[in-house]
Every structure is written in C-alpha cells, then in structure tokens.
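Report on the following structure.
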Amino acid sequence: MTDVLLKVENLKKNFGGLQVLKGIDQKVRMGEVVSVIGPSGSGKSTFLRCLNLLETPTSGKIWFEGQEITAKGVNIDLHRQKMGMVFQHFNVFPNMTVLQNITLAPILEKKIPKAQAEQKAMDLLKSVGMEDKRNEYPRRLSGGQKQRLAIVRALAMEPKVILFDEPTSALDPEMVKGVLNVIKDLASQGMTIVIVTHEMGFAREVSDRVLFMVDGVIAEEGTPAEIFENPQHERTKEFLSQVL
Amino acid sequence: MFYDIIAIWQKYSYVFVEGVKWTVFLTVITVFFGTILGVLIAFMKMSRVKILNAITALYIEIIRGAPMLLQLYFFWLWLPKAMPFSMSERDCIIVALIINSSAYIAEIIRAGIQAVDKGQTEAAKSLGIRNSYMMRYVILPQAIKNILPAIGNQFIFMLKNTSLASTFFIGELMTSWRTVQTATYKPIPALIIVGIIYVGMTWTLTILLGIFERRLAASD
Numbered sequence: 029m030t031d032v033l034l035k036v037e038n039l040k041k042n043f044g045g046l047q048v049l050k051g052i053d054q055k056v057r058m059g060e061v062v063s064v065i066g067p068s069g070s071g072k073s074t075f076l077r078c079l080n081l082l083e084t085p086t087s088g089k090i091w092f093e094g095q096e097i098t099a100k101g102v103n104i105d106l107h108r109q110k111m112g113m114v115f116q117h118f119n120v121f122p123n124m125t126v127l128q129n130i131t132l133a134p135i136l137e138k139k140i141p142k143a144q145a146e147q148k149a150m151d152l153l154k155s156v157g158m159e160d161k162r163n164e165y166p167r168r169l170s171g172g173q174k175q176r177l178a179i180v181r182a183l184a185m186e187p188k189v190i191l192f193d194e195p196t197s198a199l200d201p202e203m204v205k206g207v208l209n210v211i212k213d214l215a216s217q218g219m220t221i222v223i224v225t226h227e228m229g230f231a232r233e234v235s236d237r238v239l240f241m242v243d244g245v246i247a248e249e250g251t252p253a254e255i256f257e258n259p260q261h262e263r264t265k266e267f268l269s270q271v272l
Numbered sequence: 075m076f077y078d079i080i081a082i083w084q085k086y087s088y089v090f091v092e093g094v095k096w097t098v099f100l101t102v103i104t105v106f107f108g109t110i111l112g113v114l115i116a117f118m119k120m121s122r123v124k125i126l127n128a129i130t131a132l133y134i135e136i137i138r139g140a141p142m143l144l145q146l147y148f149f150w151l152w153l154p155k156a157m158p159f160s161m162s163e164r165d166c167i168i169v170a171l172i173i174n175s176s177a178y179i180a181e182i183i184r185a186g187i188q189a190v191d192k193g194q195t196e197a198a199k200s201l202g203i204r205n206s207y208m209m210r211y212v213i214l215p216q217a218i219k220n221i222l223p224a225i226g227n228q229f230i231f232m233l234k235n236t237s238l239a240s241t242f243f244i245g246e247l248m249t250s251w252r253t254v255q256t257a258t259y260k261p262i263p264a265l266i267i268v269g270i271i272y273v274g275m276t277w278t279l280t281i282l283l284g285i286f287e288r289r290l291a292a293s294d
C-alpha cells in the first residue's frame, strides 16, 4: 500500500536483561488515528518512543515514508522534523517564551524567516485559544496550557504524524478535556496520530484503530467497536473490566 | 593583644593590602582559566569517545584525590625542568592552581548539564533539532543556572586555598603574615588581622552570591 506512513517489522527492545518489546509488526496509514492501550509496563510508551528512535530498537526495522530509518547512516533529525511528539510531562522549554518555544525548531532547522515563523505560531496559538500567552514563560502557564503549547510546538514543524505519549496523564482532571479537544480537532483535520492513552472514552470516540498491548506484544487490535464491545482476548477483557 | 593588633595594622597595613591584591589576583585568574579549561574537560568527559572519557576521568580523579599542597609542590618542582622557557615560582604556582580548579569546575559543569531534565533533550530531539543547537539553545541556558552558583562557591574555596601558595612565599595574603611576623616577632596579632581579612572577603562574597542566586531563581 502506498499510503502507509509508518511500518514496523519485528520490533524488539531490551532494557538490560528485560525484554520490553517482544516483536511488534504494525503499519500506520496516512490520516489514521491509532490508540495504544494496555496495562502499565506493557511496553506502550517504549513502542511509541521507538517510532522516532528516542529509544533505539534492539532489533527490528522501522520505515517512515517508505524510508528505513533504522538503517545505518540515516540522519534521524531530518525524519524527526516530520514526526511530532507530545510528552506526558509536556517538556516545554522553560527558558523561552511561548512564542520562542514554538518558533525555535522552524527557525533553526527549517530556516524559516523569523517573522513568518512567528506569524504561523500566532495562527496556531489562536487555534488553541492561547494567543494572549505568546510572551509568557511556561512557569506562568497551567498544565493544560503547557500541553497545548507542546502540541502547537510540534505542529509548527508541519509533521506528517504526531506521537502522543499519555498526553493527559499528568494533568489535573479539569484540564484534560481542553487538551483532548485539541487532539480531536487534529484528528478531524486528517492528521495522522498514534496515541498512548488511558482515556478509554477518547480512544473509543476518536480512533480508527485500537491496539491492546500486554507484556511487550500487541495482544489484540481492531476498530474501537471490536475492542471495546467485543474483545476476544482474555487479557483485553480483564483489562477493560478494570478500567471501564 | 588588642593594642598589638592596632599597632601592627597601622605600621604594616601596606603589606596586608599588597597580600590581598595578590590573593584576589590569584583567585580571579585561577577561576577564570580554570573555567575555560574546565569547560573543555567537562565536554571531553561527556563525549562519546571512550578514550577521552577515560583520560579526563583519570585527570579529575587524580587532581581531586591528591592534596592541593602536593600538587603545588609537584608543579613548583617539575615545571621549571619540563618547560623549555624559564618560569618563575609564581608562574608555576599559578599553573598548579589553574589545573587544580579546572578539575573541580569540570565536575561542576558536567553535573550542571546533566541535571537538566532529560525531557528537555527528548523534546529537542523529537523536533529534529541537531545536538549542537540543542546544547546551545535548550540545555546550556538551563544548565548555567546550576553552574554559576557552584562556580561562585568554587571562587570562595579558591580564595582560601590560595593561602597554601604562601609555602612558596609568592606574595599573597598568607605570605604577608609571614613577612609581618618575621619583622615583629608577634605572629598571633598578625594572624588575627589576616584572619579578619579572609573572613571579611568570604562573607562579602557569600552575601553577593546569595543575592545573585536569588535573582537567578526569580527568573526561573
């Protein structure tokens, strides 16, 4: 298929003697929203972090836009510029204003003129309702605002896919909805998304496909309806009975 | 005793002032060049080249492990023989002090950089920002807030430790004491004067550093 954006083949990852990923095969198509769910310690985050090589796979191959990024001699920075990532703990840059956070990578790595990068950043900030915060430092933002900033920072690079690593897990409950709405908007605009999440309602509503991971493998996958209404695997049933 | 102190100060104040000048000069030059050298060593220690790690780790361990006085003796004895040009005793001691502080400052810098949250590195990488830019725009501006106060402490530490250079009579404040006590046969009043000056200098620096640290914290 030509519209496969990400392809993973027999991906394995060890941390010391512990095998965290035990062979994962996946394809993510352009425009697809894929949720990864499962108990903690199942390898969800590690899987996600392998996709942009924040974790180096122990073995296996990963293709992005048809190019093998796990091959030797690949300049991964160039690929990462097209794969946004949003973290559980936001990881916004505390030494920069909101606007500087967003424009840093476009100016440095895409050589976009400052004025143009700032214009674009302002448009993005407006879309998440934060245009009045452009000159604030992150210490003055709430958790929800920091996470929206992190999303906008990723979007400013015009990525082909965004990887979300439990984006609402560190938020106060009243902040969760605002962030999820931003992600929903992205999904509806056709952005390709891979999201590790504990928000089952969200996964059910927004995903095209849900992966259930346990013990370093994808135990079951399917449409939200298949996974949530008619799970086949014992572990999926057990997990869902605990979280729903 | 009190009158001895006053009398000695009145007669020999110029000797103490001269000593203070040298103490401050030695400390400033040692911390300045020690920082330049320390930056180099810190980056070598953090580099991916194994041999550089090993060499710098050894350098730091030896210098932090051996007594400072021993290092002063070593360079004082060895440098004049090893160098093709002539070096004064004071030059040798300055080199020894710089090398000594470079090891401590290298560790301060390394620790300051590694104390920056790992998430910052990951965020920069995930945006496709190359390592050199990441260091310059993301990591170092944050690390500097950890590093500067610690270098301030190193400055205070060196201010006191330059006194060891008096062993070689090279003219800092502790040498002033030796000069005055030889002239007066009154070592204790002279020592009290020197002690007051040292404590006065370190107190002042500690207070200034405290103000500076609060400012840094406020901009966080």
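As they're listed, the protein sequences go chains A and B.
Under my numbering, the residues of the first sequence are numbered 29 to 272, in order.
Under my numbering, the residues of the second sequence are numbered 75 to 294, in order.
Ideal Cβ placement from N, Cα and C applies to all residues, glycine included.
The structure displayed is predicted, hence computed values, not measured ones.
- Message: Suppose you measure from the CA of G172/A to the CA of I110/B; what does that come to, to the nearest Å?
- Response: Here residue 172/A refers to the residue found at position 144 of the first sequence. Here residue 110/B refers to the residue found at position 36 of the second sequence. Between the C-alpha atoms of G172/A and I110/B there is a straight-line separation of about 42 angstroms.
- Give a single yes or no on whether T276/B has its beta carbon closer than 6 angstroms to a heavy atom of the ligand ATP. This structure does not include the ligand ATP; it has no bound ligands of any sort.
- DSSP puts S87/A in a beta bridge; with which residues? Your numbering for residue 87/A matches position 59 in the first sequence. DSSP output for S87/A lists K40/A as bridge partner(s).
- With a CB to CB cut of under 6 angstroms and the five nearest residues on each side skipped, what residues in its chain are close to Q54/A? Your numbering for residue 54/A matches position 26 in the first sequence. Excluding positions up to five away in sequence, the list reads V36.
- Item | DSSP three-state assignment for R237/A, whether helix, strand or coil | As a position in the first sequence, residue 237/A is number 209, starting the count at 1. In the structure shown, R237/A sits in a strand (DSSP, three-state: E or B).
- Going along the chain, which residues of its own chain have a beta-carbon closer than 7 angstroms to the beta-carbon of E248/A, five neighbours each way excluded? Along the first sequence, one-based indexing puts residue 248/A at 220. Hits under 7 angstroms: F240, I255, P259, Q260, H261, T264.
- Message: Quick check on this structure: which residue in S68/A, V56/A, H107/A, L46/A has the alpha carbon closest to the alpha carbon of P187/A?
- Response: Against the first sequence, residue 187/A aligns to sequence position 159. For P187/A, the closest C-alpha among the options S68/A, V56/A, H107/A, L46/A is that of H107/A.
- Using a Cβ-Cβ cut-off of less than 8 angstroms, give me the residues of the segment 125 to 143 of chain A that come near chain B, in sequence order. L132, A133, L136, E137
- Message: Does chain A have any CB closer than 7 angstroms to the CB of L100/B?
- Response: For the purposes of this step, residue 100/B is taken as the residue at position 26 of the second sequence. No, L100/B does not count as interfacial toward chain A.
- Neighbour-count burial assignment, A18/B, 16 or more Cβ in a 10 Å radius: With chain B covering only 75 through 294, there is no way to say anything about residue 18/B.
- Query: Is the CB of Q109/A under 7 angstroms away from at least one CB in chain B?
  - Reply: Within the first sequence, residue 109/A is the residue found at index 81, counting from 1. Output row for Q109/A: interface = yes.
- Query: Can you name the residues of chain B whose CB is closer than 7 angstroms to the CB of M113/A?
  - Reply: On the first sequence, position 85 is the one that residue 113/A refers to. Contacts between M113/A and chain B, judged by CB atoms closer than 7 angstroms, involve S200 in chain order.
- In chain order, what residues of the segment 182 to 197 of chain B put their CB closer than 7 angstroms to some CB of chain A? G193, Q194, E196, A197
- Message: I'd like to know if D213/A contacts chain B, where contact means its C-beta is closer than 7 angstroms to some C-beta of that chain.
- Response: Sequence index remark: in the first sequence, residue 213/A carries index 185 (1-based). For D213/A, the answer is no, since every Cβ of chain B falls outside 7 angstroms of its Cβ.
- Query: Do T104/B and S175/B have their C-beta atoms within less than 7 angstroms of each other?
  - Reply: Stepping through the second sequence from its first residue, residue 104/B is reached at position 30. Stepping through the second sequence from its first residue, residue 175/B is reached at position 101. In this structure, S175/B lies closer than 7 angstroms to T104/B by Cβ.
- Message: With distance defined between alpha-carbon atoms, name the residue in L153/A, I65/A, A99/A nearest to P85/A.
- Response: For the purposes of this step, residue 85/A is identified with residue 57 of the first sequence, where counting begins at 1. Ranking L153/A, I65/A, A99/A by Cα distance to P85/A puts A99/A first.
- Message: Less than 8 angstroms between C-beta atoms, sequence neighbours within five positions excluded: which residues of the same chain meet that for M158/A?
- Response: Counting from 1 along the first sequence, the entry for residue 158/A is found at position 130. Excluding positions up to five away in sequence, the list reads V126, Q173, R176, L177, V180.
- Task: Take L153/B as the anchor and find which of D165/B, M142/B, A198/B has the nearest alpha-carbon.
- Result: Within the second sequence, residue 153/B is the residue found at index 79, counting from 1. Per the Cα distances, D165/B.
- Message: Taking CB distances under 7 angstroms as the criterion, tell me whether Q145/B reaches chain A.
- Response: Within the second sequence, residue 145/B is the residue found at index 71, counting from 1. So no, Q145/B is outside the interface.
- Query: Helix, strand or coil for M120/B per DSSP?
  - Reply: The count along the second sequence starts at 1 and reaches residue 120/B at position 46. Looking at M120/B - three-state DSSP - the assignment turns out to be helix.
- Listed in chain order, which residues of the segment 206 to 225 of chain B have Cβ atoms closer than 7 angstroms to some Cβ of chain A? Y207, Y211, V212, P215, Q216
- Task: Using a Cβ-Cβ cut-off of less than 8 angstroms, list which residues of the segment 152 to 164 of chain A approach chain B; keep chain order.
- Result: none
- Task: May I have the straight-line CA-CA distance separating R372/B from A197/B, to the nearest angstrom?
- Result: With chain B covering 75 to 294 only, the question about residue 372/B has no answer from this structure.
- Query: Which chain B residues are close to K166/A, counting only those with a beta carbon under 8 angstroms from its beta carbon?
  - Reply: Locating residue 166/A in the first sequence gives position 138, where the first residue counts as 1. Here residue 166/A turns out to be Pro, not Lys, going by the sequence shown. Going along chain B, no residue has its Cβ under 8 angstroms from P166/A, so there is no contact; the nearest lies around 10 angstroms.
- Query: According to DSSP, which residues form a beta bridge with L46/A?
  - Reply: The residue labelled residue 46/A in the question sits at position 18 within the first sequence. Paired residues: F43/A.
- Message: At 4 residues or longer, what runs of the alpha helix (DSSP H) sit wholly inside the segment 173 to 229 of chain A?
- Response: 201 to 216
- Exposure of I136/B, with buried meaning 16 or more beta-carbon neighbours within 10 Å: Walking along the second sequence from the start, residue 136/B turns up at place 62. Classification of I136/B: exposed, given that the 10 Å Cβ count is below 16.
- Message: Here's the rule: buried if 16 or more other CB atoms are within 10 angstroms of the residue's CB, otherwise exposed. What is L81/A?
- Response: To locate residue 81/A, count along the first sequence from 1; it is residue 53. If you draw a 10 Å sphere on the C-beta of L81/A, you find 16 or more other C-beta atoms in it, and that means buried.
- Cut-off 8 angstroms between Cβ atoms - residues of its own chain near I225/B, not counting five sequence neighbours on either side: One-based indexing of the second sequence puts residue 225/B at position 151. These residues qualify, in order along the chain: V105, T109, I179, I182.
- Touching or not, the segment 222 to 238 of chain A and the segment 135 to 150 of chain A, by the rule of three or more beta carbon pairs under 8 angstroms? Counting Cβ pairs under 8 angstroms, fewer than three are found: no touch.
- Look up K199/B in the DSSP assignment and say whether it is helix, strand or coil. On the second sequence, residue 199/B is found 125 positions in, with the first residue counted as 1. K199/B: helix per DSSP, three-state reduction.
- When you compare only the Cα positions, how much space is there between P195/A and D160/A? Within the first sequence, the letter at position 167 stands for residue 195/A. Within the first sequence, the letter at position 132 stands for residue 160/A. Note on geometry: alpha-carbon atoms of P195/A and D160/A lie some 23 angstroms from one another.
- Item | Backbone secondary structure at K35/A - three-state DSSP | On the first sequence, residue 35/A is found 7 positions in, with the first residue counted as 1. Reduced to three states, the DSSP call for K35/A is strand.
- Beta-carbon gap between A253/A and V234/A smaller than 7 angstroms: The sequence position of residue 253/A within the first sequence is 225, counting from 1. The sequence position of residue 234/A within the first sequence is 206, counting from 1. Not a contact, by the Cβ cut-off of 7 angstroms.
- Message: Within 7 angstroms of any Cβ in chain A, is that where the Cβ of R204/B sits?
- Response: Residue numbering aside, residue 204/B sits at position 130 when the second sequence is read from its first letter. Yes, contact with chain A.
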